[in-house]
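Going by my numbering, the sequence shown opens with residue 520, and the numbers climb by one from there.
Notes to accompany the following structure.
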Amino acid sequence: MYNDIKLEKGLYNLSGRSFTAALEELDPSSAYAGTPLEKLDAFERQLKRFNIRISGQDCDCVEKFFSSTETAVLFPEFVTRSIRKGFDETILGTICAAKTVANSSQYLGCDLDDSETYTTASEGTTLPEATVTEGANAVTLAKYGRLISASYEAVRQQRLDVFGVMLRSIGVRLAASVVNAAVTALVTGADEVETATTTLAYADIANLYGSFSAFDMTTVIASPENAALIAAMEQLKDCSADAQGRLIIPLGAELIKCSAAPEKKIIGIDRDFALEFITSTDLVMETDKLIDRQLDQITVSINCGFKKITPDAVKVLKIKSGS
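Shown next as structure tokens:
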């Protein structure tokens with residue numbers, strides 16, 4: 520039972536397993552089916568065990584985690600979850616078709632050549648060929664991170680919900696730097712169409728939509744300026760937003776505002792086929808320092824990169840430059 524788990528630093532250092540995964544092995548969530556605790560995971564049950572409230576009117580302060588040596592062990596997971604929540608709230612989950620965990624900083628993967636025309640084949644003739652080969656160019660995973668400076672004395676009286684929001688904001692900004700690499704991977708080598716004039720018009724967006732053949736344009740990625748221009752178009756005046764508050768344009772695509780998008784380019788993708796997110800690590804924290812209240816300089820980082828899966832699932836609209 521969750522009340523009998525011995526919490527110690529070593530739970531963070533088990534090869535190939537996260538802290539929560541280590542707790543789940545000791546205290547499986549499946550054992551709580553049909554009980555009031557069935558909606559909690561192993562970490563959340565430990566918060567309940569020690570009555571640590573991380574939200575709500577009676578939310579505790581940071582120092583509650585350090586009321587004992589065991590509860591201090593829970594603090595790094597709280598920090599990691601808060602930052603990861605901010606990281607996951609960005610567009611990465613929307614624009615990536617698949618996630619791969621690599622075992623090194625170099626990733627080859629596979630390349631698909633499916634350029635031959637799909638036609639009806641007569642009996643006895645050779646079928647058109649699609650080839651999958653080992654990747655010609657390795658993706659080098661880059662390290663993205665942040666140094667967090669905050670002494671224990673500075674944060675110990677801070678409410679956990681407010682501190683959690685601060686950490687989430689770090690996750691959002693960290694993901695924003697990663698999104699730059701994702702956009703670069705999408706744009707590089709993509710087929711382009713050009714606007715009719717130097718002014719972006721709805722007809723140009725429709726032309727981008729029409730440049731997709733086998734795949735669909737599910738998502739449009741545009742800079743804040745271009746996204747505002749699209750949103751202000753007459754054809755979009757009656758459009759509604761999706762559950763995330765993103766605008767759905769009349770062509771059925773989700774409009775995503777992204778500061779990493781080039782000013783003179785609008786990216787259309789089929790999110791189910793376009794991009795692979797590659798990482799060799801989850802978010803990495805210096806857990807020992809957090810447990811020991813050495814918060815003065817803590818780093819959070821992730822190693823990741825991107826690879827285009829299906830080139831035909833990405834098209835770019837280039838805004839014509841003035842003469």
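Beta carbons: idealized from backbone N, C-alpha and C, even for Gly.
Quick caveat: nothing in here was measured; it's all calculated off a predicted structure.
Item	Value
Report the residue ranges of all beta strand (DSSP E) runs contained in full by the stretch 574-637; include only those spanning at least 3 residues, in chain order.	617-620 and 629-632
Mapping the DSSP letters down to three states, classify L559 as helix, strand or coil.	coil
In three-state DSSP terms, what is D815?	coil
Could you give the DSSP three-state label for P675: helix, strand or coil?	First, the residue type needs correcting, since residue 675 is Arg and not Pro in the sequence shown. Residue state, collapsed to three classes: coil.
According to DSSP, is G764 helix, strand or coil?	coil
Could you give the distance in angstroms between the alpha-carbon of V835 and the alpha-carbon of A720?	15 Å
Buried or exposed for V739, going by 16 or more other Cβ atoms inside 10 Å?	buried
May I have the straight-line CA-CA distance separating D789 from Y671, to the nearest angstrom?	46 Å
Do you know whose CA, among R665, L559 and N726, lies nearest L542's CA?	L559
Quick check: E782 and S742, are their CB atoms within less than 8 Å of each other?	yes
According to the neighbour-count rule (16 or more other Cβ atoms, all chains shown, within 10 Å of its Cβ), is K784 buried or exposed?	buried
In the DSSP assignment, the alpha helix (DSSP H) including I724 goes from what residue to what residue?	Y721 to G729
Whole angstroms are fine: how far does the CA of R687 sit from the CA of V698?	16 Å
Could you tell me how far apart the beta carbons of L755 and I768 are, in whole angstroms, since I believe they sit closer than 8 Å?	6 Å
Ordered along the chain, which non-local residues of its own chain (more than five positions away) have a Cβ less than 6 Å from that of F595?	At residue 595 the sequence reads Pro, which differs from the Phe that was named. Within the same chain, P595 has close Cβ partners M804, T806 and L809.
Mapping the DSSP letters down to three states, classify M736 as helix, strand or coil.	coil
Does the stretch 562-574 come close enough to the stretch 677-685 that 3 or more CB-CB pairs lie under 8 Å?	yes
State yes or no: is the C-beta of Y551 within less than 8 Å of the C-beta of E557?	yes
How big is the Cα-Cα spacing for I797 and V691?	18 Å
Distance, Cα to Cα, R536 vs T639?	50 Å
DSSP beta-bridge partners for F825?	F796
Would you kindly work out how many angstroms separate the C-alpha atoms of A621 and S799, rounded to a whole number?	5 Å
Report yes if the C-beta distance between L646 and R665 is below 8 Å; otherwise report no.	no
The beta strand (DSSP E) spanning D710 covers which residue range?	D710 to E713
Should C629 be labelled buried (16 or more other beta-carbon atoms within 10 Å of its own) or exposed?	exposed
Output yes or no for whether 8 Å exceeds the beta carbon distance between C758 and L770.	no
Run the CB neighbour count on Q565, radius 10 Å, all protein chains shown included, and call it buried at 16 or more, exposed below.	buried
Considering just the uninterrupted stretch of the alpha helix (DSSP H) at L545, what are its terminal residues?	F538 to L545
What does the alpha-carbon distance come out to for the pair G654 and L705?	16 Å
Mind checking G605: buried by the 16 CB within 10 Å criterion, or exposed?	buried
What residue range is occupied by the uninterrupted alpha helix (DSSP H) comprising T806?	T806 to I810
So, for S587: in the same chain, excluding its five sequence neighbours on each side, which residues have a beta-carbon less than 7 Å away from its beta-carbon?	none
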